[in-house]
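Undergrad: If you scroll down you'll find the structure; I have some questions about it.
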Amino acid sequence: AQRVTQPEKLLSVFKGAPVELKCNYSYSGSPELFWYVQYSRQRLQLLLRHISRESIKGFTADLNKGETSFHLKKPFAQEEDSAMYYCALGIGGTYKYIFGTGTRLKVLA
Amino acid sequence: NAGVTQTPKFRVLKTGQSMTLLCAQDMNHEYMYWYRQDPGMGLRLIHYSVGEGTTAKGEVPDGYNVSRLKKQNFLLGLESAAPSQTSVYFCASSYWGNEQYFGPGTRLTVT
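For the protein sequence lines, the chains are B and E, in the order given. Take any residue in the first sequence, note its place counting from 1, add 36, and you have its number in this note's numbering. Take any residue in the second sequence, note its place counting from 1, add 183, and you have its number in this note's numbering.
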């Protein structure tokens with residue numbers, strides 16, 4: 037079965053501390069993975085995708101096929117990073133996406 | 184560019200009533216999606232469309248119908264609303280299955 041798991045509902049860190057938001061997936065095909073972010077009172081927007089291998093707003097995510105993970109990391113959290121983060125899996129050949137349940141990140145001053 | 188717009192923004196229905204949510208996009212995207220967002224459940228795909236005149240079921244299609252008569256519009260219908268359909272509904276569109284662009288959401292309460 038295709039599934040995306042985000043084990044933490046809420047993650048609280050202090051400003052300047054490292055952040056890691058966990059995402060594990062279950063999929064037998066070649067995965068396309070994304071991180072979306074929803075800031076307060078804003079719409080969901082793409083943060084990054086694994087195929088681009090880029091860093092956005094200081095965030096990076098590496099696809100680990102052996103561990104079926106796509107964790108989101110940032111070395112030094114900022115208060116403006118506080119938001120809801122969703123990991124999403126693209127199902128090849130169907131253009132469907134499966135989203136995880138989301139992790140709310142709170143960065144404390 | 185307005186991007187993806189949703190109408191209405193808020194709605195309260197009584198059990199058994201019907202309504203249609205409208206999603207419109209001005210980016211000439213082929214793919215459109217309807218999701219519902221519930222606390223602790225994340226986003227769940229209701230229905231999606233890969234082009235004008237086509238629709239397909241997602242994870243939670245029961246109780247909903249959709250239509251894509253025009254490429255830019257994707258309608259989500261509730262024929263007989265139930266309290267379990269109280270949720271925030273998001274529409275999204277994408278070009279050939281890449282990045283999804285989301286609408287602002289519609290908050291629906293069914294009493």
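Where is the CB? At the ideal position from N, CA and C, for every residue including glycine.
Going by DSSP in three states, B:Asp98 sits in which element: helix, strand or coil?
TA: Reduced to three states, the DSSP call for B:Asp98 is coil.
Undergrad: Assuming E:His230 is part of the beta strand (DSSP E), what are its boundary residues?
TA: Its beta strand (DSSP E) spans residues 225-234.
Undergrad: For E:Glu282, return the contacting residues in chain B, with the cut-off set at a CB-CB distance below 8 Å.
TA: Simply Phe70, Leu82, Arg85.
Undergrad: Return the CA-CA distance between E:Leu259 and E:Phe285, expressed in angstroms with no decimal places.
TA: Spanning the two alpha carbons is a distance of roughly 15 Å.
Undergrad: Give the interface partners of E:Leu228 over in chain B, defined as CB-CB distance under 9 Å, in chain order.
TA: Result: Lys132, Tyr133, Ile134, Phe135.
Undergrad: Give me the Cα-Cα distance between E:His230 and B:Thr96, rounded to the nearest whole angstrom.
TA: Taking the straight line joining both Cα atoms gives about 31 Å.
Undergrad: Do you know offhand how far E:Thr190's Cα is from B:Leu69's?
TA: Roughly 30 Å separates the two Cα atoms.
Undergrad: Assuming contact is defined by CB atoms lying nearer than 8 Å, are B:Thr137 and E:Gly223 in contact in what I supplied?
TA: Yes, the pair counts as a contact, with Cβ atoms nearer than the cut-off.
Undergrad: I'd like to know whether the C-beta of B:Arg79 is nearer than 8 Å to at least one C-beta of chain E.
TA: Yes, contact with chain E.
Undergrad: Residues in the stretch 213-244 of chain E with C-beta within 9 Å of chain B's C-beta atoms, listed in sequence order?
TA: Of all residues in the stretch 213-244 of chain E, Glu213, Tyr214, Tyr216, Tyr218, Gln220, Gly223, Met224, Gly225, Leu226, Arg227, Leu228, Tyr231, Val233, Ala239, Gly241, Glu242 have a Cβ within less than 9 Å of some Cβ in chain B.
Undergrad: Compare the C-alpha of B:Glu103 against each of B:Tyr131, B:Thr130, B:Tyr61, B:Pro111 and name the closest.
TA: Out of B:Tyr131, B:Thr130, B:Tyr61, B:Pro111, B:Tyr61 has the C-alpha closest to the C-alpha of B:Glu103.
Undergrad: Helix, strand or coil: how does DSSP classify E:Ser277 here?
TA: Looking at E:Ser277 - three-state DSSP - the assignment turns out to be strand.
Undergrad: Is E:Ser267 helix, strand or coil by DSSP?
TA: Helix, per DSSP.
Undergrad: Can you tell me which of E:Val293, E:Cys206, E:Met202 puts its alpha carbon nearest to the alpha carbon of E:Lys253?
TA: The residue with the shortest Cα to Cα distance from E:Lys253 is E:Cys206.
Undergrad: Is E:Ala185 buried or exposed, if buried means 16 or more other CB atoms sit within 10 Å of its CB?
TA: Exposed, by the Cβ-count rule.
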